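As numbered in the UniProt record's numbering, residues 1 to 239 make up the sequence shown, in order. Backbone N, C-alpha and C fix where the C-beta goes; we use that ideal spot for every residue, glycine too. All values derive from a computational prediction rather than experimental measurement.
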Amino acid sequence: MTKQQARKNRLKKIKLLVFIWVIFIMAVGAGVFLYIKNYKKIKDAVDKKNNKIYETNSIPEVNELMGTYLKALTECDQETLMKCTTDPSAFMDMTDYKNRADKVRGYSDINCYTVEGLNDSDIICFVIAKVTLKDVESTPKDIICSYLVKQDGKYVIDSGLSTEKIDFMNEKIREKDIQALYKKVKADEDKCLKEDETLRKFYEEIGNGGNKTEDISKKKTEEMSEEKSEDKSEEKSKK
């Protein structure tokens, strides 16, 4: 075999390898594209299979809204907070929010669990995130419940809830799947309390560890759960 033939053979092999790699990269790229394109369908299928009443991180716009809102809370960003809600006047006086921001320094690992709201396009969003607290070493999980509505084509937090919507939210909170989320957060909080002296000290200083966020607090949820249990007990006794 001449040197020229050997060179041609090497070039053929190189071209073949390049062709194979191009096909491989195109196949991987197509797979990633299809996965992203069908992400919501995949999530819906998984949630349906798991028989949950909620969907997990299925609406990017909602995740972005809640992430922006929580960041604005910790930074006392009045302008952004006003854009995130239906009633900007709720943030005219930032005194309480500044006091809150002095204790709650940030959120991370944010996950949104969404349930259909009372009206078309309305959403109830349960956000579970790790919260960074002042002078606290651990980052316990926290849960925040918000009612979202469409305004000018975008989701915002309904800051002027009607009694009907509040009752509907409370009804959803009592659902087994949602209670499981609250219990998951409570278990993580209890674990952090047991292991972290700085967290125990923080809760002692503020007087009520379950009152560090707005909306429907864990304490309120636990009270509603207890009421539900009492109602069931009364029904059994009547029977």
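Nearest-angstrom Cβ-Cβ length linking residue i and residue j, presumed shorter than 8 Å
i	j	result
lysine 52	aspartate 177	5 Å
Residue i versus residue j - alpha carbon distance
i	j	result
lysine 12	glycine 31	29 Å
methionine 66	alanine 187	23 Å
glutamate 205	arginine 105	16 Å
methionine 92	glutamate 75	15 Å
asparagine 9	tryptophan 21	18 Å
lysine 130	phenylalanine 19	47 Å
methionine 94	aspartate 158	18 Å
glycine 210	leucine 70	Per-residue confidence for glycine 210 stands at a pLDDT of 44, beneath the threshold of 50, marking its modelled position as unreliable; the derived number appears in the next sentence. The alpha-carbon atoms of glycine 210 and leucine 70 are separated by roughly 17 Å.
aspartate 102	valine 136	13 Å
aspartate 96	leucine 133	16 Å
arginine 100	alanine 90	15 Å
tyrosine 54	leucine 81	26 Å
lysine 184	glutamate 171	19 Å
residue 257	glutamate 64	Since the first and last residues shown for the chain are 1 and 239, residue 257 lies out of range.
methionine 169	glycine 153	22 Å
serine 142	glycine 29	Sequence inspection shows aspartate at residue 142; the serine mentioned does not correspond to that position. The straight-line gap from Cα to Cα measures roughly 37 Å.
Residue i, buried or exposed, once every other Cβ within 10 Å from all chains shown has been counted against 16
i	result
alanine 27	exposed
residue 266	Here the chain comprises residues numbered 1 to 239, so residue 266 is not present and cannot be evaluated.
serine 121	exposed
phenylalanine 24	exposed
leucine 17	exposed
aspartate 77	buried
isoleucine 166	exposed
threonine 114	buried
threonine 163	exposed
glutamate 189	buried
C-beta atoms of residue i and residue j nearer than 8 Å
i	j	result
valine 62	tyrosine 155	yes
isoleucine 128	leucine 181	yes
isoleucine 173	cysteine 145	yes
Selection from the options that minimises the alpha carbon distance to residue i
i	options	result
serine 58	Glu116, Trp21, Ile25 and Thr85	Glu116
threonine 198	Ile173, Ser138 and Glu79	Ser138
residue 282	Asn119, Asp77 and Cys125	Because the chain is modelled from 1 through 239, residue 282 falls outside the range shown and cannot be assessed.
arginine 200	Met169, Glu175 and Pro140	Pro140
glutamine 151	Thr163, Thr86 and Leu133	Thr86
proline 60	Ile110, Asp167 and Glu171	Ile110
glycine 160	Thr56, Glu64, Gln78 and Cys84	Cys84
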